[in-house]
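Working notes, structure below.
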Amino acid sequence: MNTGDSLQKKNNLTGWAFISLAVIGIVAFYFYPMLQALLLSFKSGVGANLEFTGLANYKRLFIDTTFRTAVSNTFLYLIIQVPVMIILGLFISVLLNDSTLRFRSFFRTAIFLPCVTSLVAYSVVFKYLFSSDGMVNQFLMNLHVIAEPIQWITDPFWAKITIIIAVTWRWTGYNMIFYLSSLQNIDQSIYEAARIDGANAFTQFFKITVPLLKPIILFTSITSTIGTLQIFDEIMNITKGGPGNATMSISQYIYNLSFKYSPDFGYAATVSYSIVLMIIVLSIIQFKVAGERNG
(Lines of atoms letter the chains of each structure in order from A and count residues from 1; the text may use other names and numbers.)
(Lines give C-alpha, C1' and ligand atoms only; values in the text may rest on other atoms or scores of the structure.)
Protein backbone atom coordinates (compact mmCIF):
# COMPACT_ATOMS: atom_id res chain seq x y z
CA MET A 1 0.00 0.00 0.00
CA ASN A 2 2.77 2.37 0.95
CA THR A 3 4.70 1.45 -2.20
CA GLY A 4 1.64 2.21 -4.32
CA ASP A 5 1.10 5.55 -2.59
CA SER A 6 4.71 6.57 -3.08
CA LEU A 7 4.58 5.56 -6.75
CA GLN A 8 1.41 7.57 -7.25
CA LYS A 9 2.97 10.55 -5.50
CA LYS A 10 6.05 10.26 -7.71
CA ASN A 11 3.88 10.12 -10.82
CA ASN A 12 1.98 13.19 -9.67
CA LEU A 13 5.21 15.11 -9.09
CA THR A 14 6.49 14.05 -12.51
CA GLY A 15 3.26 15.24 -14.13
CA TRP A 16 3.44 18.62 -12.37
CA ALA A 17 7.08 18.95 -13.41
CA PHE A 18 6.08 18.55 -17.06
CA ILE A 19 3.28 21.11 -16.93
CA SER A 20 4.88 23.56 -14.48
CA LEU A 21 6.59 25.65 -17.16
CA ALA A 22 3.36 25.89 -19.15
CA VAL A 23 1.40 26.86 -16.02
CA ILE A 24 3.97 29.52 -15.10
CA GLY A 25 3.90 30.88 -18.64
CA ILE A 26 0.09 31.03 -18.74
CA VAL A 27 -0.08 32.77 -15.37
CA ALA A 28 2.72 35.22 -16.23
CA PHE A 29 1.60 36.10 -19.76
CA TYR A 30 -2.19 35.68 -19.55
CA PHE A 31 -3.70 35.87 -16.08
CA TYR A 32 -1.34 38.45 -14.59
CA PRO A 33 -1.81 40.94 -17.48
CA MET A 34 -5.58 40.36 -17.31
CA LEU A 35 -5.58 41.18 -13.61
CA GLN A 36 -3.39 44.23 -14.16
CA ALA A 37 -5.70 45.43 -16.95
CA LEU A 38 -8.70 45.02 -14.63
CA LEU A 39 -7.00 47.10 -11.94
CA LEU A 40 -5.98 49.65 -14.58
CA SER A 41 -9.60 50.06 -15.65
CA PHE A 42 -10.34 51.67 -12.28
CA LYS A 43 -7.71 54.38 -12.85
CA SER A 44 -7.71 57.55 -14.94
CA GLY A 45 -5.07 59.95 -16.16
CA VAL A 46 -2.84 60.82 -19.08
CA GLY A 47 0.05 58.49 -19.86
CA ALA A 48 1.64 57.07 -16.72
CA ASN A 49 0.10 59.69 -14.43
CA LEU A 50 -2.80 57.57 -13.23
CA GLU A 51 -4.89 57.76 -10.11
CA PHE A 52 -7.67 55.59 -8.74
CA THR A 53 -11.11 56.87 -9.79
CA GLY A 54 -13.33 53.89 -9.02
CA LEU A 55 -16.14 53.29 -11.52
CA ALA A 56 -15.68 56.60 -13.36
CA ASN A 57 -14.37 54.91 -16.50
CA TYR A 58 -17.28 52.47 -16.59
CA LYS A 59 -19.76 55.34 -16.23
CA ARG A 60 -17.98 57.12 -19.07
CA LEU A 61 -18.78 54.22 -21.40
CA PHE A 62 -22.49 55.05 -21.30
CA ILE A 63 -21.99 58.66 -22.44
CA ASP A 64 -19.15 58.07 -24.90
CA THR A 65 -20.61 58.56 -28.40
CA THR A 66 -17.44 57.30 -30.10
CA PHE A 67 -17.63 54.08 -28.09
CA ARG A 68 -21.27 53.63 -29.09
CA THR A 69 -20.33 54.13 -32.73
CA ALA A 70 -17.53 51.56 -32.45
CA VAL A 71 -19.89 49.06 -30.77
CA SER A 72 -22.62 49.53 -33.40
CA ASN A 73 -20.08 49.08 -36.23
CA THR A 74 -18.63 45.95 -34.62
CA PHE A 75 -22.04 44.40 -34.06
CA LEU A 76 -22.99 45.16 -37.65
CA TYR A 77 -19.95 43.15 -38.77
CA LEU A 78 -20.92 40.43 -36.30
CA ILE A 79 -24.56 40.13 -37.39
CA ILE A 80 -23.74 39.92 -41.10
CA GLN A 81 -20.33 38.32 -41.25
CA VAL A 82 -20.53 35.46 -38.71
CA PRO A 83 -23.65 33.79 -40.21
CA VAL A 84 -22.20 34.20 -43.72
CA MET A 85 -18.89 32.60 -42.72
CA ILE A 86 -20.62 29.69 -40.97
CA ILE A 87 -23.15 28.97 -43.72
CA LEU A 88 -20.61 29.42 -46.52
CA GLY A 89 -18.00 27.30 -44.72
CA LEU A 90 -20.54 24.55 -44.10
CA PHE A 91 -21.75 24.59 -47.71
CA ILE A 92 -18.22 24.47 -49.13
CA SER A 93 -17.17 21.67 -46.76
CA VAL A 94 -20.09 19.51 -47.90
CA LEU A 95 -19.14 20.06 -51.54
CA LEU A 96 -15.48 19.27 -50.90
CA ASN A 97 -16.36 16.13 -48.95
CA ASP A 98 -17.79 14.55 -52.09
CA SER A 99 -15.55 11.61 -52.97
CA THR A 100 -16.42 11.95 -56.68
CA LEU A 101 -15.13 15.53 -56.90
CA ARG A 102 -11.85 15.84 -58.79
CA PHE A 103 -8.98 18.03 -57.50
CA ARG A 104 -10.46 18.08 -54.00
CA SER A 105 -7.06 18.64 -52.40
CA PHE A 106 -6.41 21.65 -54.63
CA PHE A 107 -9.74 23.28 -53.78
CA ARG A 108 -9.32 22.62 -50.06
CA THR A 109 -5.87 24.18 -50.07
CA ALA A 110 -6.97 27.15 -52.17
CA ILE A 111 -9.90 27.98 -49.88
CA PHE A 112 -7.89 27.52 -46.68
CA LEU A 113 -4.85 29.44 -47.98
CA PRO A 114 -6.21 32.93 -47.10
CA CYS A 115 -6.15 31.93 -43.40
CA VAL A 116 -2.36 31.64 -43.40
CA THR A 117 -1.65 34.83 -45.33
CA SER A 118 -0.32 37.89 -43.53
CA LEU A 119 -3.10 40.05 -42.06
CA VAL A 120 -1.36 43.26 -43.05
CA ALA A 121 -0.41 42.02 -46.53
CA TYR A 122 -3.88 40.85 -47.49
CA SER A 123 -5.48 44.00 -46.03
CA VAL A 124 -3.23 46.21 -48.17
CA VAL A 125 -4.04 44.09 -51.24
CA PHE A 126 -7.77 44.51 -50.58
CA LYS A 127 -7.29 48.25 -50.15
CA TYR A 128 -5.81 48.52 -53.64
CA LEU A 129 -8.30 46.07 -55.18
CA PHE A 130 -11.24 48.11 -53.87
CA SER A 131 -9.82 51.58 -54.50
CA SER A 132 -11.77 53.86 -56.84
CA ASP A 133 -9.51 52.92 -59.76
CA GLY A 134 -8.86 49.39 -58.53
CA MET A 135 -9.40 46.06 -60.22
CA VAL A 136 -12.86 45.45 -58.73
CA ASN A 137 -14.32 48.67 -60.14
CA GLN A 138 -12.62 48.11 -63.47
CA PHE A 139 -14.04 44.59 -63.67
CA LEU A 140 -17.58 45.70 -62.80
CA MET A 141 -17.43 48.58 -65.28
CA ASN A 142 -16.18 46.29 -68.05
CA LEU A 143 -19.18 44.03 -67.41
CA HIS A 144 -21.43 47.14 -67.45
CA VAL A 145 -22.68 46.29 -63.96
CA ILE A 146 -21.88 49.84 -62.82
CA ALA A 147 -21.57 53.09 -64.80
CA GLU A 148 -19.08 54.80 -62.50
CA PRO A 149 -16.60 53.61 -59.84
CA ILE A 150 -17.99 52.67 -56.44
CA GLN A 151 -16.23 54.45 -53.57
CA TRP A 152 -15.51 51.26 -51.65
CA ILE A 153 -13.09 52.90 -49.21
CA THR A 154 -14.43 56.45 -48.80
CA ASP A 155 -18.19 55.86 -48.69
CA PRO A 156 -19.49 54.85 -45.22
CA PHE A 157 -21.82 52.14 -46.52
CA TRP A 158 -19.46 50.60 -49.06
CA ALA A 159 -16.51 50.80 -46.66
CA LYS A 160 -18.39 48.50 -44.26
CA ILE A 161 -19.18 46.14 -47.14
CA THR A 162 -15.48 46.06 -48.06
CA ILE A 163 -14.50 45.12 -44.51
CA ILE A 164 -17.11 42.34 -44.42
CA ILE A 165 -15.96 40.95 -47.78
CA ALA A 166 -12.30 41.00 -46.69
CA VAL A 167 -12.91 39.23 -43.39
CA THR A 168 -15.24 36.68 -44.97
CA TRP A 169 -12.65 35.91 -47.66
CA ARG A 170 -9.98 35.30 -45.05
CA TRP A 171 -11.80 33.28 -42.39
CA THR A 172 -14.39 31.18 -44.26
CA GLY A 173 -11.75 28.56 -45.03
CA TYR A 174 -10.87 28.37 -41.33
CA ASN A 175 -14.41 27.28 -40.45
CA MET A 176 -14.52 25.00 -43.49
CA ILE A 177 -11.59 22.92 -42.18
CA PHE A 178 -13.42 22.15 -38.93
CA TYR A 179 -16.59 21.12 -40.75
CA LEU A 180 -14.66 19.07 -43.29
CA SER A 181 -12.74 17.13 -40.64
CA SER A 182 -15.99 16.38 -38.80
CA LEU A 183 -17.78 15.29 -41.97
CA GLN A 184 -15.04 12.76 -42.65
CA ASN A 185 -15.72 11.18 -39.26
CA ILE A 186 -19.42 10.60 -39.97
CA ASP A 187 -20.18 6.98 -40.84
CA GLN A 188 -21.25 6.87 -44.50
CA SER A 189 -23.65 4.01 -43.71
CA ILE A 190 -25.95 6.62 -42.13
CA TYR A 191 -26.28 8.41 -45.48
CA GLU A 192 -26.68 5.09 -47.32
CA ALA A 193 -29.54 4.13 -45.03
CA ALA A 194 -31.15 7.53 -45.56
CA ARG A 195 -30.90 7.19 -49.35
CA ILE A 196 -32.51 3.73 -49.18
CA ASP A 197 -35.37 5.27 -47.20
CA GLY A 198 -35.82 7.85 -49.99
CA ALA A 199 -34.17 10.89 -48.38
CA ASN A 200 -32.82 13.35 -50.95
CA ALA A 201 -29.64 15.42 -50.56
CA PHE A 202 -31.56 18.36 -49.07
CA THR A 203 -33.17 16.18 -46.40
CA GLN A 204 -29.87 14.44 -45.63
CA PHE A 205 -28.16 17.78 -45.10
CA PHE A 206 -30.70 19.18 -42.63
CA LYS A 207 -31.67 15.90 -40.91
CA ILE A 208 -28.25 14.24 -40.68
CA THR A 209 -25.33 16.55 -41.45
CA VAL A 210 -26.40 19.64 -39.50
CA PRO A 211 -27.47 17.78 -36.31
CA LEU A 212 -24.25 15.73 -36.27
CA LEU A 213 -22.15 18.88 -36.79
CA LYS A 214 -24.00 20.81 -34.09
CA PRO A 215 -21.07 20.88 -31.60
CA ILE A 216 -18.67 22.05 -34.30
CA ILE A 217 -21.11 24.69 -35.53
CA LEU A 218 -21.38 25.96 -31.95
CA PHE A 219 -17.59 26.03 -31.62
CA THR A 220 -17.07 27.94 -34.87
CA SER A 221 -19.90 30.34 -33.97
CA ILE A 222 -18.21 31.23 -30.69
CA THR A 223 -14.71 31.55 -32.17
CA SER A 224 -16.03 33.63 -35.08
CA THR A 225 -17.90 35.87 -32.64
CA ILE A 226 -14.78 36.38 -30.52
CA GLY A 227 -12.68 37.12 -33.60
CA THR A 228 -15.21 39.63 -34.94
CA LEU A 229 -15.50 41.47 -31.63
CA GLN A 230 -11.70 41.82 -31.68
CA ILE A 231 -11.46 42.83 -35.37
CA PHE A 232 -8.64 45.33 -35.88
CA ASP A 233 -6.11 44.61 -38.65
CA GLU A 234 -8.47 44.83 -41.60
CA ILE A 235 -10.03 48.09 -40.46
CA MET A 236 -6.71 49.65 -39.53
CA ASN A 237 -5.09 48.81 -42.85
CA ILE A 238 -8.01 49.21 -45.26
CA THR A 239 -10.08 52.16 -44.00
CA LYS A 240 -8.27 53.33 -40.83
CA GLY A 241 -11.72 53.51 -39.24
CA GLY A 242 -12.99 56.00 -41.80
CA PRO A 243 -14.56 57.76 -43.40
CA GLY A 244 -14.97 59.59 -40.12
CA ASN A 245 -15.65 56.80 -37.65
CA ALA A 246 -17.94 54.89 -40.02
CA THR A 247 -15.96 51.63 -39.87
CA MET A 248 -14.20 51.98 -36.51
CA SER A 249 -14.24 48.84 -34.39
CA ILE A 250 -13.95 48.51 -30.62
CA SER A 251 -10.37 47.24 -30.89
CA GLN A 252 -9.35 50.17 -33.07
CA TYR A 253 -10.91 52.55 -30.55
CA ILE A 254 -8.78 50.91 -27.84
CA TYR A 255 -5.71 51.47 -30.03
CA ASN A 256 -6.65 55.12 -30.56
CA LEU A 257 -7.17 55.68 -26.84
CA SER A 258 -3.78 54.17 -26.08
CA PHE A 259 -1.58 55.47 -28.88
CA LYS A 260 -3.34 57.97 -31.16
CA TYR A 261 -5.18 60.31 -28.81
CA SER A 262 -3.74 61.58 -25.55
CA PRO A 263 -2.82 58.24 -23.94
CA ASP A 264 -5.59 57.15 -21.58
CA PHE A 265 -4.61 53.62 -20.64
CA GLY A 266 -7.17 53.38 -17.84
CA TYR A 267 -10.13 54.05 -20.09
CA ALA A 268 -8.62 51.85 -22.84
CA ALA A 269 -8.52 48.98 -20.33
CA THR A 270 -12.17 49.66 -19.48
CA VAL A 271 -13.17 49.45 -23.14
CA SER A 272 -11.15 46.22 -23.38
CA TYR A 273 -13.13 44.68 -20.55
CA SER A 274 -16.36 45.69 -22.28
CA ILE A 275 -15.32 43.26 -25.06
CA VAL A 276 -14.78 40.55 -22.43
CA LEU A 277 -18.29 41.12 -21.11
CA MET A 278 -19.78 41.03 -24.61
CA ILE A 279 -17.98 37.76 -25.39
CA ILE A 280 -19.25 36.16 -22.18
CA VAL A 281 -22.85 37.25 -22.78
CA LEU A 282 -22.89 36.23 -26.45
CA SER A 283 -21.24 32.88 -25.68
CA ILE A 284 -23.89 32.10 -23.05
CA ILE A 285 -26.63 33.02 -25.54
CA GLN A 286 -25.11 30.78 -28.20
CA PHE A 287 -24.89 27.87 -25.76
CA LYS A 288 -28.54 28.37 -24.83
CA VAL A 289 -29.68 28.62 -28.45
CA ALA A 290 -27.72 25.48 -29.30
CA GLY A 291 -29.46 23.65 -26.45
CA GLU A 292 -26.24 22.87 -24.60
CA ARG A 293 -26.44 22.00 -20.93
CA ASN A 294 -23.66 22.47 -18.41
CA GLY A 295 -22.64 19.35 -16.62
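So the sequence shown is numbered by my numbering: it starts at 2 and just counts up by one.
Glycine included, C-beta positions come from ideal geometry on N, C-alpha and C.
These figures come from a predicted structure and were not determined experimentally.
- In the three-state scheme derived from DSSP, where H, G and I count as helix and E and B as strand, F53 is classed as strand.
- Y268 and L258 do touch by the CB rule: their CB atoms are close to 6 Å apart, below 8 Å.
- When beta bridges are read from the DSSP output, G48 appears opposite no residue.
- The three-state secondary structure of A18, taken from DSSP, is helix.
- Below 8 Å, enough C-beta pairs join the stretch 93–107 and the stretch 176–186 to call them touching: three or more.
- Approximately 7 Å separates the beta-carbon atoms of Y274 and L39; this is inside 8 Å, confirming the contact.
- DSSP places R171 within a helical segment (H, G or I) once states are collapsed to three.
- For the set F179, G48, V125 and Y175, the Cα lying nearest the Cα of I164 is the one of V125.
- Per DSSP, reduced to three states, the secondary structure at I147 is coil, with no helix or strand assignment.
- For F220, the closest of F288, F63, V72 and S132 by C-alpha to C-alpha distance is F288.
- If you check the CB distance, Y175 and F113 come in under 9 Å.
- Within the model, the alpha-carbon separation for K60 versus R69 is close to 13 Å.
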